[in-house]
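Asks: In the working numbering, the protein residues as written are 4 to 240.
All C-beta atoms in this analysis are idealised placements derived from N, C-alpha and C, irrespective of residue type, glycine included.
What you are looking at is a predicted structure, and each value in this text was computed from that prediction instead of being measured.
Sharing a structure below in C-alpha cells format, with a few things to ask.
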Ligand SMILES: [Zn+2]
C-alpha cells in the first residue's frame with residue numbers, strides 16, 4: 004500500500020470518528036432532555052411561589068386563631084366575674100356586660116377572617132400538590148431519558164474507540180511529515196485533508212478539474228505530493 008492509500012484510510016477513519024462525535028452531540032434525547040429540564044425548572048419556580056403564598060396564608064390563619072383564643076379567654080373571665088356575685092354595682096355590671104358584647108362581636112369578626120384564610124389556603128394547597136405531582140412525573144421522565152441517552156452514548160463511545168484504534172493503525176503507515184500536512188489541511192477544510200481523484204473530479208470538493216490539470220497530475224511520479232488546485236486538499240490518484 005502506498006503512503007497515500009494509507010492516508011486515505013486515515014481520512015476514512017477520521018471522517019467516521021467526526022460523524023460519531025457529531026451523532027453523540029446531537030442525540031435527539033439530549034434536546035428532549037433539555038426541554039424537560041427547562042419545564043422542571045419552571046415548575047419548581049411556580050412551586051416555590053405558590054408554597055410561599057400558601058404558607059403566608061397559613062401563618063395569618065394561625066395568628067387569627069391565636070387571637071380568637073385570647074378573646075375567648077377574656078370573654079370567659081369577664082363572664083365569670085359577671086355571674087360570680089362578687090360585683091354588685093349595676094354600673095360596673097353594665098360596663099362588663101357591654102365589654103363582653105363588644106368582645107364577642109370582635110371574636111365573630113376574627114372568626115370570619117379565620118374562615119376566609121382557610122378558604123384562601125385550601126386551593127393554594129391543592130395547587131401546590133398538583134404542581135408537585137407534575138414535577139415528580141417530569142423528574143421520572145427525565146430520569147428515563149437520561150438512561151436512554153447514557154446507553155446510546157456508551158454504544159457510540161465503543162464505536163469511536165474501535166475507529167480510533169483502526170485510525171492509529173492506519174496512521175502508522177503514513178510518514179510523519181505527510182501526516183502533519185494532512186492534519187493542517189483537515190483542520191482548515193471541514194475535516195477533509197485528503198481526497199481521491201475519481202475520473203477527473205476531486206472527491207474532496209466534488210469539482211471537475213480542467214483536463215490540462217488532470218493531465219499534469221497524472222504525469223507526476225506516484226510518490227509526489229499533489230494538491231487539488233480547486234480546494235487545496237491532498238489529491239490521491
Ligand atoms: Zn478539491
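Check this for me: beta carbons of residue 198 and residue 239, under 8 Å apart or not?
Replies: yes
Asks: Is it true that the CB of residue 145 sits closer than 8 Å to the CB of residue 46?
Replies: no
Asks: Ignore the nearest five residues each way along the sequence and tell me which others in residue 12's own chain have a CB closer than 7 Å to its CB.
Replies: Taken in chain order, the residues that qualify are 173.
Asks: Does residue 210 pass the burial test, meaning 16 or more other C-beta atoms within 10 Å, or should it be called exposed?
Replies: exposed
Asks: Is residue 60 closer than 8 Å to residue 117 when the C-beta atoms are compared?
Replies: No, the Cβ-Cβ distance between residue 117 and residue 60 is not below 8 Å.
Asks: State yes or no: is the C-beta of residue 113 within less than 8 Å of the C-beta of residue 82?
Replies: Contact flag unset, no.
Asks: Roughly how many whole angstroms lie between the Cα atoms of residue 121 and residue 53?
Replies: Within the model, the alpha-carbon separation for residue 121 versus residue 53 is close to 15 Å.
Asks: Does residue 237 come out as helix, strand or coil in the three-state DSSP assignment?
Replies: strand
Asks: Return the chain-ordered list of same chain residues with a C-beta closer than 8 Å to the C-beta of residue 152, the five sequence neighbours on each side being excluded.
Replies: 30, 32, 33, 36
Asks: Does the Cβ of residue 185 have 16 or more other Cβ atoms within 10 Å, making it buried, or fewer, making it exposed?
Replies: By the 10 Å Cβ count, residue 185 comes out buried.
Asks: From 95, 20, 140, pick the residue whose C-alpha is nearest to that of residue 40; which is it?
Replies: 140
Asks: Within its chain, find whatever has a CB closer than 8 Å to the CB of residue 20; leave out the 5 residues flanking it on each side and keep chain order.
Replies: 163, 166, 167, 170
Asks: Below 8 Å between beta carbons: does that hold for residue 48 and residue 138?
Replies: no
Asks: Let me check understanding here. Comparing Cα to Cα, which of 225, 223, 190 lies closest to residue 17?
Replies: 190
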